[in-house]
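The letter at position 74 of the sequence shown is residue 314 when you use our numbering, and the numbering goes up by one with no holes. We put the CB at the ideal spot given by N, CA and C, even for glycine. Small disclaimer: the values here were computed from a predicted structure and weren't measured. These notes are about the structure you will find just below.
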Amino acid sequence: MALSRLQINHVRNLQQVSLEDLQQVNVFFGRNGSGKTSVLESIHLLGMARSFRGNSIKSVITHGENDCTVFGLVTPPLSSSAAGAALPLGVRRNIAGEVQIRVNGKTVRTVAELVEHFPVQVITADSFELLAGSPGARRQYLDWGVFHVEHRFFSQWQRFQRCIKQRNKLLRRGKISGQELDVWTRDLTDSGEAINNFRKDYFGFLKPRFSEIMFRLAPSLTALELRFRQGWDKQLSYEEALKSCASADLEQGYTHVGPQRADLRVMYDGHLASETLSRGQQKLVVSGLKLAQGELMSEMGKGKCTYLIDDLSSELDQQHSQLVCALLASMEAQVFITCVHLQDIETVWPETRELAMFHVEQGAVQRYSPL
Ligand SMILES: Nc1ncnc2c1ncn2[C@@H]1O[C@H](COP(=O)(O)OP(=O)(O)O)[C@@H](O)[C@H]1O
Ligand SMILES: [Mg+2]
241 MALSRLQINH
251 VRNLQQVSLE
261 DLQQVNVFFG
271 RNGSGKTSVL
281 ESIHLLGMAR
291 SFRGNSIKSV
301 ITHGENDCTV
311 FGLVTPPLSS
321 SAAGAALPLG
331 VRRNIAGEVQ
341 IRVNGKTVRT
351 VAELVEHFPV
361 QVITADSFEL
371 LAGSPGARRQ
381 YLDWGVFHVE
391 HRFFSQWQRF
401 QRCIKQRNKL
411 LRRGKISGQE
421 LDVWTRDLTD
431 SGEAINNFRK
441 DYFGFLKPRF
451 SEIMFRLAPS
461 LTALELRFRQ
471 GWDKQLSYEE
481 ALKSCASADL
491 EQGYTHVGPQ
501 RADLRVMYDG
511 HLASETLSRG
521 QQKLVVSGLK
531 LAQGELMSEM
541 GKGKCTYLID
551 DLSSELDQQH
561 SQLVCALLAS
571 MEAQVFITCV
581 HLQDIETVWP
591 ETRELAMFHV
601 EQGAVQRYSP
611 L
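Listed below in structure tokens is the structure:
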């Protein structure tokens, strides 16, 4: 799952950019405002059908244009049955918000069908929000990992979303009998328990991986601890928890407990890391979380994910940037990394001979050869 070719049309200031022969490590350098982050955004668009900057697709499309498109060729891992064959992917988004996704020449209906072919992880200035922001972002983080290692997860997740939407709709209308509620409770229970079990299993693998990585990134932060909250009292089955909340659900018109309330907490010495650690330390923790997921995926034989790293050296000091880069290099993950000056990366990447370099200037991207 490495991107070998990329074509970008109308993403921010990138009118038309074509990149060939992409390597394991690809560096984009250039002045502020030249279009570096937009290149990463385009790659993210190819993997997730959306940007990582804000929610509005309108701001991603070049002003004055109606849509943006990205095409890419990804190569599956050698272990998969399709070894060697390159898979064409394409995503088009228009200002009306419509999404068109093509995988291997065919239109697919869900983003999930795209995501499974090209997993991407992002580390940017905003990613430390993962710790301080809403639990939703942390659930998304967790589910990204579960999705990529457990193929049964997504159908249960879809089922759960359908059930809870319906259950909440009935609760909101306030015209639901206890008996009717019981029917929806049963449906919700199966998928809810399944999601929770997948998450718990995954968390069991993630936790030690995260600790190991943090030990390499920040050995002094020994009091770090990752906790999983499932969204209801863990002494109870989901069915029991739902029953115990039934009257509150009826009264307030929504489902109080369940996987939709799950959270992943990063604690430091018994306190929330987001309230205790410095901003720099929080960024390291977030990098650790993201690296742990990539490592786990590859360890479980599910291929490697591609890392998009925006302006690492402005986010972390040199020593820690070096550590993050060394980990990425040892994982042999594909990396797209941006910086202002080429020296920024040369001082932090362990082996610079293998880097593919691109100079970005006013929306144009040129392969750069130092010779
Ligand atoms: N929708 C858009 N249409 C055209 N240009 C845009 C749009 N959104 C942002 N830009 C411009 O794109 C340029 C590149 O932004 P960005 O990729 O963030 O630069 P960099 O990461 O190199 O600092 C900026 O100069 C910005 O003004
Ligand atoms: Mg930028």
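Out of Gly345, Asp261, Pro316, Ala336, the CA that lies nearest to the CA of Gly330 is found in Gly345. In the displayed model, Arg332 falls within a strand according to three-state DSSP. When Arg407, Asn249, Gln256 are compared, the shortest CA-CA separation from Thr309 is found for Asn249. Per DSSP, the beta bridge partners of Asn249 are Gln256, Thr309. Straight-line spacing of the CA atoms in Ala604 and Arg332 works out to 21 Å. Judged by beta-carbon spacing, Phe443 lies beyond the 9 Å limit of Leu531, meaning their Cβ atoms are not closer than that value. Between ligand 2 and the CB of Asp550, the shortest heavy atom gap is smaller than 8 Å. In the DSSP annotation of this structure, the continuous segment of the alpha helix (DSSP H) that includes Gln380 starts and ends at 375-389. Looking at the DSSP output, Gln521 shares a beta bridge with no other residue. Not a single heavy atom of ligand 1 lies less than 8 Å from the C-beta of Thr364.
Between Phe400 and Arg439, the gap from beta carbon to beta carbon reaches 9 Å or more.
Taking Val525 as reference, the option from Gln606, Arg456, Thr350, Gln263 with the minimal CA-CA separation is Arg456.
Proximity to Leu259 across Met597, Cys545, Pro610 peaks at Met597, based on C-alpha coordinates. Under the DSSP assignment, Thr546 falls outside any alpha helix (DSSP H), being part of the beta strand (DSSP E) whose first and last residues are 546-549. For Asn436, the number of other beta carbons within 10 angstroms of its own is at least 16, and it is reported as buried. Considered as a whole, the stretch 464-534 harbours 464-469, 503-508 as its complete beta strand (DSSP E) runs of no fewer than 3 residues, in chain order. Remark: the shortest separation between the CB of Lys523 and any heavy atom of ligand 2 does not fall under 8 Å. By the Cβ test, the stretch 564-579 is in contact with the stretch 273-281, since at least three Cβ pairs between them sit closer than 8 Å. Judged by DSSP in its simplified three-state form, Glu539 adopts helix. Ranked by Cα distance from Leu567, the first of Val251, Val265, Leu285 is Val265. Between the alpha carbons of Gln361 and Glu535 lies a gap of roughly 12 Å. Phe393 is a Cβ neighbour of Asp383, given a cutoff of 9 Å. Excluding the 5 residues flanking it on each side, Met288 has same chain C-beta neighbours closer than 8 Å at Val351, Leu354, Val355, Val360, in chain order. Checking the DSSP bridge columns, you'll see Lys346 partnered with Val343. Cα atoms of Arg501 and Ser431: separation of roughly 14 Å, rounded to the nearest angstrom. Shown here, Asn272 sits in coil according to DSSP, grouped into three states, outside any helix or strand. When Gln256, Cys545, Gln562, Val343 are compared, the shortest CA-CA separation from Ser553 is found for Gln562. Within a 10 Å sphere around the beta-carbon of Arg252 sit 16 or more other beta-carbons, which makes this residue buried.
Counting every other CB atom within 10 Å of its CB across the protein chains shown gives Lys405 a total below 16, marking it as exposed.
Judged by beta-carbon spacing, Glu479 lies within the 9 Å limit of Arg426, meaning their Cβ atoms are closer than that value. A direct Cα-to-Cα measurement between Gln263 and Tyr547 gives close to 13 Å.
Secondary structure note for Thr578: it is in no alpha helix (DSSP H), and the uninterrupted beta strand (DSSP E) holding it is 575-579.
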